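Participant: My questions all concern the structure below.
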Amino acid sequence: MDSKTGDLSNNLEQQRSRTLSVPVRNFSTRLLLRLSKMSIFKKAHKSPADIVKSLKSVLHVLFEQQTSGRKMDKAFEDLMKNLASMKSIMCGTDQHEPQSELVAQLSQELYKSEIIDIILKNLSRIDFEGKKDFTQIFNTLARRQIGSRQPTVEFLCKKKNILDILVEGYNDPDIALNCGIMLRECIRYESLAKIVFESENFFKFFEYVEMSTFDIASDAFATFKDLLTRHKVSCSEFLIKNYDRVFPAYTRLLESENYVTRRQSLKLLGELLLDRHNYTIMTRYISKPENLKIMMNNLRDQSRNIQFEAFHVFKVFVANPNKTKPILDILLKNQQKLVDFLSNFHNDRSDDEQFNEEKAYLIKQIKELRG
Amino acid sequence: MASCKDYDFIRIVGTSSFSSTAIHFTKHRRSSVTKAIRVSDLDACSSECVQFLQRELWVCRALCHPNVLVHDIAFVEEEKLYVINEFMNYGACSDVMESHFKFGLPEVLIAYILSEVIHALEYIHKLGYIHRGVKARHILLSSNGRVKLSSNRSMISMLNEKQRRKNVHDFPKHDIYLLPWLSPEILQQNIKGYDTQSDIYSLGITTCELANGHAPFTDMPNARMLLEKLNGTKPCLLDQTTVPPEPELIETHDGQNSEAIQQHQITMSRTFSEDFHQLASSCLNVDPSSRPTATQLLNHPFLQHTASGKENFATLLLPLTPVLPETQKLSSPVDRMVAEASGKLQSLNLSQYHWEF
Chain A
1 MDSKTGDLSN NLEQQRSRTL SVPVRNFSTR LLLRLSKMSI FKKAHKSPAD IVKSLKSVLH
61 VLFEQQTSGR KMDKAFEDLM KNLASMKSIM CGTDQHEPQS ELVAQLSQEL YKSEIIDIIL
121 KNLSRIDFEG KKDFTQIFNT LARRQIGSRQ PTVEFLCKKK NILDILVEGY NDPDIALNCG
181 IMLRECIRYE SLAKIVFESE NFFKFFEYVE MSTFDIASDA FATFKDLLTR HKVSCSEFLI
241 KNYDRVFPAY TRLLESENYV TRRQSLKLLG ELLLDRHNYT IMTRYISKPE NLKIMMNNLR
301 DQSRNIQFEA FHVFKVFVAN PNKTKPILDI LLKNQQKLVD FLSNFHNDRS DDEQFNEEKA
361 YLIKQIKELR G
Chain B
1 MASCKDYDFI RIVGTSSFSS TAIHFTKHRR SSVTKAIRVS DLDACSSECV QFLQRELWVC
61 RALCHPNVLV HDIAFVEEEK LYVINEFMNY GACSDVMESH FKFGLPEVLI AYILSEVIHA
121 LEYIHKLGYI HRGVKARHIL LSSNGRVKLS SNRSMISMLN EKQRRKNVHD FPKHDIYLLP
181 WLSPEILQQN IKGYDTQSDI YSLGITTCEL ANGHAPFTDM PNARMLLEKL NGTKPCLLDQ
241 TTVPPEPELI ETHDGQNSEA IQQHQITMSR TFSEDFHQLA SSCLNVDPSS RPTATQLLNH
301 PFLQHTASGK ENFATLLLPL TPVLPETQKL SSPVDRMVAE ASGKLQSLNL SQYHWEF
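So the sequences go chain by chain: A and B. Sequential numbering from 1 applies to the first sequence in full-length UniProt numbering. Sequential numbering from 1 applies to the second sequence in full-length UniProt numbering.
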């Protein structure tokens with residue numbers, strides 16, 4: 001790469017010495033020389049250190065000084081250029097695969113600087129394609145691996161505020177989905193997911209998943225689900241420790257006015273309770289009559305999908321061999337009704353063998369209940 | 001906060017059986033701005049289908065281009081998902097052809113529409129996506145010659161975990177109506193996979209569709225379509241240079257065949273330009289690497305003269321005129337009764353059970 005730049009300047013040098021003797025062509029040569037200093041010739045050959053240095057000064061102009069007008073426009077333009085060069089180093093281009101040496105250099109420069117924080121804090125002010133470029137750079141950076149080491153994960157563990165900024169991003173519709181993409185990349189790593197659990201950040205998701213904009217709410221739900229299902233052991237530890245706070249909040253999701261929130265949270269609850277890592281949480285959950293009531297009401301919800309998801313949680317209460325007294329009481333009080341109800345429940349799902357087996361089992365269990 | 005109550009639902013302009021979706025022509029009550037609202041009944045959708053709808057919205061949020069339709073906002077009320085879109089008042093190219101241009105659109109208009117669609121494809125491809133749904137039904141037209149590519153639901157990204165993939169293997173299984181437009185390499189599902197060039201094949205089929213009035217391969221069973229594509233059968237634009245005259249057809253004149261005869265007469269009376277034929281043919285090459293890329297296509301001679309198509313957009317589409325809200329009545333009493341009745345049926349469901357706690 002360097003040799004190319006060398007060739008180019010050699011050529012220009014030769015051209016200049018040749019043209020010096022021909023003054024008429026002087027103007028166009030000067031123009032060519034000036035062009036060579038501009039981005040079109042230099043862009044691809046800028047070193048990672050140069051990019052980071054130039055980014056620093058651009059970010060300073062943009063977000064820390066009171067600038068306006070043309071200076072500002074110019075700075076934004078430079079920011080976009082630097083983001084584009086960073087992206088081509090990190091992710092490669094159509095023609096070139098990324099070069100590991102340059103990627104390493106750029107990553108080191110980024111770890112050393114405050115650039116990631118500053119850009120994230122000001123993400124909403126960057127234009128549409130710039131936000132996407134940065135998201136891609138960030139995610140590629142997050143995935144870096146050297147042998148068994150994950151330098152970016154180590155970096156993010158030290159700079160916990162970056163995760164805070166990403167979680168906070170859901171509050172701003174302009175950057176919510178970009179932040180969501182970056183956050184999901186981070187929580188693929190257990191140590192980073194733990195940081196989210198250990199902060200207040202996790203509880204913010206109970207509000208995010210109910211946001212009125214469907215794109216953002218469902219993105220937040222995807223992150224919420226990843227947090228609860230990806231790292232089984234850490235998650236179960238967290239849930240046990242915070243049961244009294246998490247489950248009342250979760251119950252509000254089950255009673256949400258938003259259909260999608262209700263449907264998705266019911267489904268996720270079924271998955272969580274049936275995961276063997278969550279055995280302790282499951283036994284605790286199914287010992288409480290309030291929880292059984294919610295499921296029985298959802299069984300007769302007007303939406304068929306809600307009924308169906310509720311069935312998969314309800315079955316755990318019935319199948320439990322050690323039912324608590326209050327649970328047994330409710331089931332006994334409704335024994336005949338439940339048998340009738342289940343006999344007519346979703347009979348058209350004849351091709352779903354597992355469901356039909358489970359239903360038959362539940363009916364048998366309920367019939368055999370004795371006080 | 002947006003709500004469906006802010007809009008007057010005027011009439012249904014399209015439906016999709018997958019995901020129980022209807023597209024409504026609506027007017028915002030306060031601003032009188034017309035909007036197309038896509039309403040999907042989520043309770044009729046499987047979880048997989050709900051995820052699919054969510055994915056589409058996420059993909060759209062990564063796109064920003066004048067020729068790509070991206071929703072304004074999406075929200076959920078009761079069991080329904082409402083996706084608010086700009087209303088494209090001429091509808092889709094396929095609607096335009098159905099209502100007036102049964103045997104194809106004028107060549108100048110096609111040149112303009114194609115160049116707009118190719119701009120959309122160039123943008124989408126540069127981002128590393130494959131659209132996989134290029135067809136006349138997904139090209140929307142609006143006054144002032146605005147053209148937008150819609151239906152981003154089949155889109156797939158070529159960016160995987162680490163970097164750009166050279167090709168992908170996923171099969172777009174949710175839309176069987178797309179099959180005639182899909183490239184041989186997608187249909188083949190072999191180890192080589194496919195890339196952005198498969199959209200160029202679909203564009204080729206769409207080009208024939210716009211010129212001929214119907215898409216090639218739609219008149220045959222899927223198995224035969226697949227065989228024809230793999231054997232390298234190349235559809236073409238139908239005009240007097242490509243279709244042999246059939247005097248018998250005109251002689252055996254009876255009522256049943258009148259459309260075929262009309263089609264034949266029109267075909268024999270027109271000649272598309274050499275450049276136009278060449279463009280369609282190059283897009284339909286079986287070997288993906290010998291098709292031009294979207295960027296190369298923009299320099300194709302056929303697409304260098306699109307100004308007249310843009311300037312005369314409305315005239316070329318005559319006698320069709322854009323749909324205006326004033327000319328439409330509110331939905332008929334029958335529609336309303338059906339809606340009410342179905343609402344009542346839902347609330348009947350299972351209300352006989354009351355649990356005792």
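Backbone N, C-alpha and C define an ideal beta-carbon position, used for all residues, glycine too. Please read these numbers as outputs of a predicted model, since none were measured by experiment.
Are the beta-carbon atoms of Leu203 of chain B and Cys283 of chain B separated by less than 8 Å?
Facilitator: Taking 8 Å as the Cβ cut-off, Leu203 of chain B and Cys283 of chain B qualify as a contacting pair.
Participant: Looking only at its own chain, which residues have a Cβ that is under 7 Å from the Cβ of Arg263 of chain A, when we skip the five neighbours before and after it?
Facilitator: Counting only Cβ-Cβ distances below 7 Å, and skipping sequence neighbours, we find Asn305, Ile306, Glu309.
Participant: Taking Leu55 of chain A as the reference, give the member of A:Lys71, A:Ala75, A:Gly69, A:Leu269 with the closest Cα.
Facilitator: Of the listed residues, the one whose Cα sits closest to Leu55 of chain A is A:Ala75.
Participant: Just list the beta strand (DSSP E) runs in the stretch 47-126 of chain B, keeping only unbroken ones of 3 residues or longer that don't cross its boundaries, in chain order.
Facilitator: DSSP runs (the beta strand (DSSP E)) wholly in the stretch 47-126 of chain B: 73-77, 80-86.
Participant: When DSSP builds the beta bridges, which residues end up paired with Asp8 of chain B?
Facilitator: Paired residue(s): B:Lys27.
Participant: Evaluate contact between the stretch 202-222 of chain A and the stretch 153-161 of chain A, counting only Cβ atoms and requiring at least three cross-stretch pairs below 8 Å.
Facilitator: Too few Cβ pairs lie closer than 8 Å, so no.
Participant: Exposed or buried, Met1 of chain B, counting other C-beta atoms within 10 Å across all chains shown (16 or more means buried)?
Facilitator: Burial call: exposed.
Participant: Below 8 Å on C-beta distance, what does Met1 of chain B contact in chain A?
Facilitator: Within 8 Å Cβ-Cβ: Ser212.
Participant: What residues match up with Ala36 of chain B in a beta bridge as DSSP calls it?
Facilitator: Paired residues: B:Phe25, B:Asn85.
Participant: Tell me which residues share the same chain as His231 of chain A and place their Cβ nearer than 7 Å to its Cβ, disregarding the 5 neighbours each side in the sequence.
Facilitator: These residues qualify, in order along the chain: Glu190, Ala193.
Participant: So, for Glu368 of chain A: in the same chain, excluding its five sequence neighbours on each side, which residues have a beta-carbon less than 7 Å away from its beta-carbon?
Facilitator: Excluding positions up to five away in sequence, the list is empty.
Participant: Measuring alpha carbon to alpha carbon, tell me which of A:Asp164, A:Ala84, A:Cys91 ends up nearest Glu129 of chain A.
Facilitator: If we check each option's Cα against that of Glu129 of chain A, A:Ala84 comes out closest.
Participant: So, with DSSP's three-state summary, where would you put Tyr201 of chain B?
Facilitator: Helix, per DSSP.
Participant: Just tell me which of B:Ile261, B:Thr207, B:Tyr90 has its CA closest to the CA of Gln278 of chain B.
Facilitator: Ranking the options by Cα distance to Gln278 of chain B, first place goes to B:Thr207.
Participant: For Ser343 of chain A and Lys293 of chain A, I'd like the C-alpha separation in whole angstroms.
Facilitator: In a straight line, the C-alpha of Ser343 of chain A is about 20 Å away from that of Lys293 of chain A.
Participant: Taking one C-beta from the stretch 162-175 of chain A and one from the stretch 117-132 of chain A each time, how about it: are there three or more such pairs within less than 8 Å?
Facilitator: Enough Cβ pairs lie closer than 8 Å, so yes.
Participant: Among residues of its own chain, excluding the 5 on either side of Leu163 of chain A, which ones have a beta-carbon nearer than 8 Å to its beta-carbon?
Facilitator: Contacts found: Leu156, Leu183, Cys186, Leu192, Ile195, Val196, Ser199, Asn201.
Participant: Closer than 8 Å by C-beta to Leu273 of chain A: which residues in its own chain qualify, once you throw out the five before and the five after it? Chain order, please.
Facilitator: Hits under 8 Å: Ile281, Met282, Tyr285, Ile286, Val313, Val316.
Participant: In terms of residue numbering, what span does the beta strand (DSSP E) encompassing Val147 of chain B cover?
Facilitator: Segment 146-149, the beta strand (DSSP E) holding Val147 of chain B.
Participant: Can you name, in chain order, every residue of its own chain whose Cβ lies under 6 Å from the Cβ of Ser265 of chain A, other than the five neighbours on each side?
Facilitator: For Ser265 of chain A, where only same-chain residues beyond five positions count, the Cβ hits under 6 Å are Leu253, Leu254.
Participant: If you draw a straight line from the alpha carbon of Ala176 of chain A to that of Ala217 of chain A, how long is it in whole angstroms?
Facilitator: Between Ala176 of chain A and Ala217 of chain A, the C-alpha separation is close to 10 Å.
Participant: So, is Tyr177 of chain B buried or exposed, given that buried needs 16 or more other C-beta atoms within 10 angstroms?
Facilitator: The residue is exposed, with fewer than 16 neighbouring Cβ atoms inside 10 Å.
Participant: With DSSP collapsed to three states, give me the class of Val168 of chain B.
Facilitator: Residue state, collapsed to three classes: strand.
Participant: Compare the beta carbon distance of Thr316 of chain B and Val108 of chain B with 8 Å and say whether it is the shorter of the two.
Facilitator: Sequence check: residue 316 of chain B is Leu here, not Thr. Closer than 8 Å, so yes.
Participant: Tell me whether the stretch 111-127 of chain B and the stretch 296-303 of chain B touch, counting them as touching only if at least three CB pairs, one residue from each stretch, are closer than 8 Å.
Facilitator: Yes: the two stretches touch, three or more of their Cβ pairs being nearer than 8 Å.
Participant: Beta carbon of Ile126 of chain A, beta carbon of Met90 of chain A: below 8 Å?
Facilitator: No, they are not a contact pair.
Participant: Indicate the three-state DSSP secondary structure (helix, strand or coil) for Ile126 of chain A in the structure shown.
Facilitator: Coil at Ile126 of chain A, not helix or strand.
Participant: Between which two residues does the beta strand (DSSP E) containing Leu268 of chain A stretch?
Facilitator: Where Leu268 of chain A is concerned, there is no enclosing beta strand (DSSP E), although the alpha helix (DSSP H) it sits in stretches over 259-273.
Participant: Mapping the DSSP letters down to three states, classify Ile186 of chain B as helix, strand or coil.
Facilitator: In the structure shown, Ile186 of chain B sits in a helix (DSSP, three-state: H, G or I).
Participant: Quick check: the Cα distance between Leu8 of chain A and Lys46 of chain A, rounded to an integer number of angstroms?
Facilitator: Because the pLDDT at Leu8 of chain A is just 43, under 50, the model does not fix this residue reliably, and the value given afterwards should be weighed accordingly. If I take the Cα positions, the gap works out to 14 Å.
Participant: For the beta strand (DSSP E) containing Ser308 of chain B, name the first residue and the last one.
Facilitator: No beta strand (DSSP E) holds Ser308 of chain B; the alpha helix (DSSP H) holding it covers 307-311.
Participant: Is Phe52 of chain B close to chain A? Criterion is C-beta to C-beta, closer than 8 Å.
Facilitator: Not one chain A Cβ lies under 8 Å of Phe52 of chain B.
Participant: With the cut-off set at 8 Å, would you say Ala44 of chain B and Met97 of chain B are in Cβ contact?
Facilitator: Contact: no.
Participant: Distance cutoff 8 Å, beta carbons only. Does Ile330 of chain A sit that close to anything in chain B?
Facilitator: By this cut-off, Ile330 of chain A is an interface position.
Participant: Is the beta carbon of Thr267 of chain B less than 8 Å from the beta carbon of Gln240 of chain B?
Facilitator: Yes; because the gap between Cβ atoms is below 8 Å, this pair is in contact.
Participant: Cβ of Glu228 of chain B less than 8 Å from any chain A Cβ?
Facilitator: Output row for Glu228 of chain B: interface = no.
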